[in-house]
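Residues -21 to -1, 1 to 143, numbered by mature numbering (1 follows the signal peptide of the UniProt record, and there is no 0), are exactly what the sequence shown covers, in order. Built from N, CA and C at the ideal position, the CB exists for glycine as well. This one's a predicted model, so the numbers in the text were calculated from it and none came from an experiment. Let me begin by presenting the structure, written as structure tokens, before commenting on it.
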Amino acid sequence: MKKQLSLLSIMVMTVILSSCASILSRSTYPVSINSNPASTISVTDARGTEIYKGNTPATVVLKSGDGFFKRAAYQVKFAKAGYDEKIVPITFKVDGWYWGNLLLGGVVGMLIVDPATGAMYKLENEFINETLLRSSASASEAGLNVYGIDDIPANWKAHLVPLK
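Encoded structure:
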């Protein structure tokens, strides 16, 4: 009887002191990043600190938390000569297992363990696949230039035709 009571109390303490998201989820997530065409990428955190620099395709492991009760936020910058630069956010949402603390994990799991480990947040999208667009503005391409009348060279003024 005493042994059963001891086992029961251990099980109860485990449930009370555990945290659902920390046990059933995780606090780091791999993110697969690709682009068409292949490009260089730079991943920065919310403070602007570069945490990864490389080329696509790539897989980067990111933390879901950024401090106590603070979800992480990242940006991926895609760059390639002749193409427009593109910046894509990586965001996290509250993990459904976090709410399991209401039933199983208790106050300790909900207010201390899961927020401290970042396990209360889950990656919204594991895959980022972006198509880069050719740059429309380039110094080497010919284009239409608009001049004011005072900006036109004198030898061009003889060739001007008035519009009606």
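What distance in whole Å lies between the Cβ atoms of residue j and residue i, which are believed to be in contact at a cut-off of 8 Å?
i, j, result
"TYR100", "SER43", "4 Å"
"VAL40", "ILE12", "Not a contact, Cβ separation roughly 12 Å."
"ALA52", "THR70", "6 Å"
"LEU112", "LYS59", "Not quite, the Cβ-Cβ distance comes to about 10 Å (not below 8 Å), so this is no contact."
"GLU29", "SER21", "6 Å"
"GLU105", "TYR8", "7 Å"
"SER14", "PHE47", "35 Å between Cβ atoms; not a contact."
Under a three-way DSSP split, which group does residue i fall into?
i, result
"ASP129", "helix"
"VAL13", "According to the sequence provided, residue 13 is Asn. The question's Val does not apply to it. DSSP places ASN13 in strand when its eight states are reduced to three."
"ASN134", "helix"
"VAL39", "strand"
"GLY44", "strand"
"LYS101", "strand"
"SER1", "With a pLDDT of only 48 at SER1, under 50, the local geometry of the prediction cannot be trusted, and the value read off the model is given with reservation. Here SER1 sits in helix by DSSP."
As a quick exercise: from the options, pick the residue whose alpha carbon is nearest that of residue i.
i, options, result
"PRO36", "ALA51, VAL10, ARG26 and ALA137", "VAL10"
"SER115", "ASP24, GLU64, HIS138 and ASP45", "GLU64"
"VAL73", "GLU109, LEU102 and ILE107", "LEU102"
"PRO16", "THR23, VAL22, ASN34 and THR7", "ASN34"
"GLY27", "LYS143, LEU123, ILE66 and LEU139", "ILE66"
"ASP45", "ILE107, ASP130, ASP24 and PRO68", "ASP24"
"ILE107", "LEU139, PRO68, LYS143 and ILE131", "PRO68"
Per DSSP, which one or two residues make a beta bridge with residue i?
i, result
"ALA52", "THR70"
"ASN108", "ASN13"
"THR23", "GLU29 and GLN54"
"LYS65", "PHE57"
"residue 151", "Absent from the model: residue 151. The displayed extent of the chain is -21 to 143, so no value can be given."
Does any heavy atom of the ligand PLP sit closer than 8 Å to the C-beta of residue i?
i, result
"ALA137", "This structure lacks the ligand PLP, and indeed carries no ligand of any kind."
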